[in-house]
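Read through the structure below, which is laid out as structure tokens, and then see the notes.
In our numbering, the protein residues as written are 470 to 562.
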């Protein structure tokens, strides 16, 4: 999976502990932003309908539905990069 914070690939064992941290930046691994179910357009920002509300999506939580994202280090661009590319495309000649 790819860490939501630093964008570097994190190798995981079979299960992810709630206290596991990214070896590169120290960010929590078991958090919403690293989950395949995280979706800003979904109810509660989660595709899992039974998941409870999580207020801080960057911090570790107790969600039983957590599944690490399937991105690789060449995954999607960051939101900032994507927004900048969209902005730049508006003014191309």
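Every residue, glycine too, gets a C-beta built ideally from N, C-alpha and C.
The model shown is predicted, which means the values in this text are computed figures rather than measured ones.
In the DSSP assignment, what residue or residues form a beta bridge with residue i?
i	result
residue 478	471
residue 490	497
residue 518	The partner list for residue 518 (beta bridge, DSSP) is empty, contrary to what the question assumes.
Where does residue i fall in DSSP's three states?
i	result
residue 501	helix
Taking the CB atoms as reference points, tell me whether residue i and residue j lie closer together than 9 Å.
i	j	result
residue 485	residue 537	yes
residue 480	residue 502	no
residue 475	residue 504	no
Sorted by chain position, which residues of the same chain lie with C-beta nearer than 6 Å to residue i's C-beta, five sequence neighbours on each side aside?
i	result
residue 529	487, 497, 499 and 500
residue 515	506
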